[in-house]
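Notes to accompany the following structure.
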């Protein structure tokens, strides 16, 4: 590095513009923006490439205003200059500024159009992106066709697939003048992200010449959805496996607690990167093997902060805070995630003095840092120390309230709510919604409704999210009339159009008390298309209230269209028939499952005992379940008898498929 920096002086003395341009570009990539600017300012005769390199360096490091000032000072600009400036605005989420520059350009190439289209799609403005794409002059001209025109088409396609608009994406894909492997990969990835693995697999099989990206995308889709056999089959068929594909298959087994197979694959890897090591470290931690995780970290050739933070997190989760601190102290350059993990470890154990000391030492704090400290002090009953003379931004309170709701720390959430108001912040609808959602999710129905009343009294106007929490609370609490009143109030008083989530709550509300015909009528009269959540609520209710076979059949058919590979839907329908002794129908469902290649994944559960995680699987071949089956059965019988003594009743159903 010293010799490299020394060579800068030599290049300045000899006016080697080419070499200095390369160095400005490299320094920009490293984030050494002041050093890059120093070189630029010392150059006697910077050329257009020099200006372009410095503009890119500024924009890549968030200094977009400096980039624009330099752009305006340029003695002459070429097409690359304009594109570099638009790319800078794209990188810094300045869509309007990018369009302003785009409209001023004296000439544009296909790359310019692709940049501007991407500006809109990344911002979710698909209509504007499509309007611009339709204005692109050479997109259908076979004479002008080149790789950059393909990029423009793929930029628009990526806008649809990455924003979840798969029906529009499919229509666009079918109308493409030419398709390359990138186009196919975008469709496969879009379906994977949408959870539609059937469509993803069908597209994957249609790819004329799939590449490694195609295979890894499909492999990751199987992995994320727990389809281990499909993932392994595809992995074994791959001729050229890269490190990403190895990491994906190892992660699949780690997520399924199959650590032995993950170890075997890890040992076979021809090359490993930081992700490989970190995945295995996390794998050992997941099954409670902390010592093995530590040994693996010790074997890691280049220990990065991600792997070390994973080890810290493992120790923190298992209350081994001092071991976590030892790892933390050995890390040279820590990122904000590493700091937050260690602080959270102390906070969760009530060691707030040590958490506070670390917090004060942090070179850079984010919202998570503040939330961790506030939450820790609140848990310790020391909310007065939470701010310690500082005034965090409003988003800290919003994020903190959301965290408290998710963690069922409702009292902490209420305290945060009060602190936010005392700090002089306007507590907006998002903050109220976080608390309402928290109380609703934890079964506090009356408190949820009271919060809603308080919210309205304070002059905060409820939105769609507010009513999802309220209707969910009414559903769980069995408040039928109140729920229906709130639904009417939402549409009539607040002019809020119901979303699928609202309808799902109403269907669940009616179904829980056996009013299945009314629930079915709601679904049929909906102004929007019913989703899996709505049909699933209806099908689940049919299992509790037997003999609604026609409704169950319709719900199951609709579910099979939107979730064709979800095993639980088929099992649920079969159990409804089994509960009524309709064994022919049970067999028919089983045959449909076989025809569609749907199999029931083995059940898996786990329990922590003395800092060790014990994992149990229904297909366990080590004899754990078989040896203890009688004891488990007897314990369940005892619990059932005790339930009956207390006046509770159990719901019996038949599991037809194992």
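In UniProt numbering, the protein residues as written are 1 to 658.
A virtual CB, placed ideally from N, CA and C, is assigned to each residue, including glycine.
TODO: State yes or no: is the C-beta of residue 218 within less than 8 angstroms of the C-beta of residue 194?
DONE: Looking up residue 218 in the chain shown gives position 218. Looking up residue 194 in the chain shown gives position 194. Not a contact, by the Cβ cut-off of 8 angstroms.
TODO: May I have a chain-ordered list of the alpha helix (DSSP H) segments no shorter than 4 residues that lie completely inside the segment 216-283?
DONE: Within the segment 216-283, the complete alpha helix (DSSP H) runs of at least 4 residues are 228-237, 243-255 and 259-268.
- [ ] In the DSSP assignment, find the alpha helix (DSSP H) that holds residue 165 and state where it starts and stops.
- [x] By one-based count along the chain shown, residue 165 stands at place 165. No alpha helix (DSSP H) holds residue 165; DSSP gives it neither H nor E.
Open item on the list: Please classify residue 314 as buried or exposed, where buried requires at least 16 other C-beta atoms within 10 Å of its C-beta.
Closed with: Within the chain shown, residue 314 is the residue found at index 314, counting from 1. The residue is buried, with at least 16 neighbouring Cβ atoms inside 10 Å.
TODO: Locate the alpha helix (DSSP H) running through residue 474, then write down its first and last residues.
DONE: Here residue 474 refers to the residue found at position 474 of the chain shown. It spans 464-477 - the alpha helix (DSSP H) in which residue 474 sits, taken as one unbroken run.
- [ ] Please look up how many angstroms separate the CB atoms of residue 247 and residue 275, rounded, as I've assumed it's under 8 angstroms.
- [x] For the purposes of this step, residue 247 is taken as residue 247 along the chain shown, with counting starting at 1. For the purposes of this step, residue 275 is taken as residue 275 along the chain shown, with counting starting at 1. With 8 angstroms as the limit, residue 247 and residue 275 qualify as a contact, their Cβ atoms being about 5 angstroms apart.
- [ ] Taking residue 65 and residue 31 to be in contact with their CB atoms under 8 angstroms, please state how far apart those CB atoms are, rounded to whole angstroms.
- [x] By one-based count along the chain shown, residue 65 stands at place 65. By one-based count along the chain shown, residue 31 stands at place 31. That belief does not hold up - the Cβ atoms of residue 65 and residue 31 are roughly 17 angstroms apart, past 8 angstroms.
TODO: State whether the segment 469-477 contacts the segment 435-443, with contact taken as three or more CB pairs (one from each stretch) at a distance under 8 angstroms.
DONE: Using a Cβ-Cβ distance cut-off of 8 angstroms, the segment 469-477 and the segment 435-443 are in contact, since at least three pairs of beta carbons, one from each stretch, lie closer than that value.
Open item on the list: I believe residue 50 touches residue 17 by the beta-carbon criterion, under 8 angstroms. Please report the beta-carbon distance rounded to the nearest angstrom.
Closed with: For this step, residue 50 is matched to residue 50 along the chain shown. For this step, residue 17 is matched to residue 17 along the chain shown. Here residue 50 really is in contact with residue 17; their C-beta atoms are around 7 angstroms apart, less than 8 angstroms.
TODO: Quick one: grab the DSSP three-state call for residue 592.
DONE: Within the chain shown, numbered from 1, the residue matching residue 592 stands at position 592. Helix, per DSSP.
Open item on the list: Just verifying my parser: in three-state terms, what is the DSSP assignment at residue 502?
Closed with: Reading the chain shown from its first residue, position 502 is the one you call residue 502. Of the three classes helix, strand and coil, the one that applies to residue 502 here is helix, per DSSP.
- [ ] Return the chain-ordered list of same chain residues with a C-beta closer than 7 angstroms to the C-beta of residue 304, the five sequence neighbours on each side being excluded.
- [x] In the chain shown, the residue the question calls residue 304 occupies position 304. Closer than 7 angstroms at Cβ, skipping near neighbours: 274.
- [ ] Would you mind working out which of 173, 353, 345 and 585 sits nearest residue 325, comparing C-alpha positions?
- [x] For the purposes of this step, residue 325 is taken as residue 325 along the chain shown, with counting starting at 1. From the listed residues 173, 353, 345 and 585, the smallest Cα separation to residue 325 is found for 345.
TODO: Could you tell me if residue 461 is buried or exposed, where buried requires 16 or more neighbouring beta carbons within 10 angstroms of its beta carbon?
DONE: For the purposes of this step, residue 461 is taken as the residue at position 461 of the chain shown. By the neighbour-count rule (16 or more Cβ atoms within 10 Å), residue 461 is not buried but exposed.
Task: Bounding residues of the alpha helix (DSSP H) (the contiguous stretch that carries residue 209) - done: For the purposes of this step, residue 209 is identified with residue 209 of the chain shown, where counting begins at 1. Boundaries for residue 209: no alpha helix (DSSP H) harbours it, and the DSSP string shows neither H nor E there.
Open item on the list: Looking at the secondary structure, which residues open and close the alpha helix (DSSP H) in which residue 492 lies?
Closed with: Position 492 of the chain shown, counting from 1, holds the residue named residue 492. Where residue 492 is concerned, the enclosing alpha helix (DSSP H) stretches over 480-492.
Open item on the list: Quick check: the segment 152-170 against the segment 104-119, are at least 3 beta-carbon pairs closer than 8 angstroms?
Closed with: They touch, by the three-pair rule.
Open item on the list: Can you look up residue 204 in the DSSP assignment and give me helix, strand or coil?
Closed with: For the purposes of this step, residue 204 is taken as the residue at position 204 of the chain shown. If DSSP states are grouped into helix, strand and coil, residue 204 belongs with the helices.
Task: Alpha carbon of residue 103 to alpha carbon of residue 68, nearest angstrom - done: Residue mapping note: residue 103 aligns to position 103 of the chain shown, counting from 1. Residue mapping note: residue 68 aligns to position 68 of the chain shown, counting from 1. C-alpha of residue 103 to C-alpha of residue 68: approximately 16 angstroms in a straight line.
Task: Alpha-carbon spacing of residue 208 relative to residue 445, whole angstroms - done: Here residue 208 corresponds to residue number 208 of the chain shown, with the count starting at 1. Here residue 445 corresponds to residue number 445 of the chain shown, with the count starting at 1. For residue 208 and residue 445, the distance between alpha carbons rounds to 56 angstroms.
Task: Alpha carbon of residue 372 to alpha carbon of residue 319, nearest angstrom - done: Taking the chain shown and counting its residues from 1, the one referred to as residue 372 is at position 372. Taking the chain shown and counting its residues from 1, the one referred to as residue 319 is at position 319. Counting only the Cα atoms, residue 319 lies some 17 angstroms from residue 372.
Open item on the list: What does the Cβ neighbour count give for residue 466, buried or exposed, with the cut at 16 atoms within 10 Å?
Closed with: As a position in the chain shown, residue 466 is number 466, starting the count at 1. Taking all protein chains shown into account, residue 466 has 16 or more neighbouring C-beta atoms within 10 Å of its C-beta and is therefore buried.
Open item on the list: Measuring CB atoms only, is the segment 119-137 touching the segment 83-90, in the sense that at least three cross pairs come out at less than 8 angstroms?
Closed with: At 8 angstroms Cβ cutoff, the stretches touch.
TODO: Flag this pair as yes or no: are the beta carbons of residue 311 and residue 289 separated by less than 8 angstroms?
DONE: Locating residue 311 in the chain shown gives position 311, where the first residue counts as 1. Locating residue 289 in the chain shown gives position 289, where the first residue counts as 1. Cβ distance not < 8 angstroms, so residue 311 and residue 289 don't count as in contact.
Task: Cβ-based neighbour list, residue 526, same chain, cut-off 6 angstroms, excluding 5 preceding and 5 following - done: What you label residue 526 is simply residue 526 of the chain shown in a count that begins at 1. Taken in chain order, the residues that qualify are 503.
Open item on the list: Whole angstroms are fine: how far does the CA of residue 337 sit from the CA of residue 331?
Closed with: The residue given as residue 331 occupies position 331 in the chain shown. The residue given as residue 337 occupies position 337 in the chain shown. The alpha-carbon atoms of residue 331 and residue 337 are separated by roughly 13 angstroms.
TODO: Determine the direct distance from the alpha carbon of residue 483 to that of residue 459, and round the result to whole angstroms.
DONE: Position 459 of the chain shown, counted from the first residue, corresponds to residue 459. Position 483 of the chain shown, counted from the first residue, corresponds to residue 483. Those two C-alpha atoms are separated by around 22 angstroms.
TODO: Given a cut-off of 8 angstroms, decide if residue 86 and residue 101 are closer than it, judged by their beta-carbon atoms.
DONE: Position 101 of the chain shown, counted from the start, is the residue given in the question as residue 101. Position 86 of the chain shown, counted from the start, is the residue given in the question as residue 86. In this structure, residue 86 lies closer than 8 angstroms to residue 101 by Cβ.
- [ ] Leaving out five residues on either side along the sequence, give the residues of the same chain with a beta carbon under 7 angstroms from the beta carbon of residue 168.
- [x] Reading the chain shown from its first residue, position 168 is the one you call residue 168. Once the five neighbours on either side are set aside, the close Cβ partners of residue 168 are 160.
Task: Rounded straight-line distance, which links the Cα of residue 374 to that of residue 637 - done: If you number the chain shown from 1, residue 637 lands on position 637. If you number the chain shown from 1, residue 374 lands on position 374. Near 46 angstroms, if we compare the C-alpha coordinates of residue 374 and residue 637.
Open item on the list: Looking at the secondary structure, which residues open and close the alpha helix (DSSP H) in which residue 88 lies?
Closed with: Translated into the one-based positions of the chain shown, residue 88 becomes position 88. Taken as a continuous stretch (DSSP letters only), the alpha helix (DSSP H) holding residue 88 covers 79-91.
Open item on the list: Going by C-alpha to C-alpha distance, which of 197, 187 and 154 sits closest to residue 729?
Closed with: This structure cannot settle anything about residue 729, because the visible part of the chain is limited to 1 through 658.
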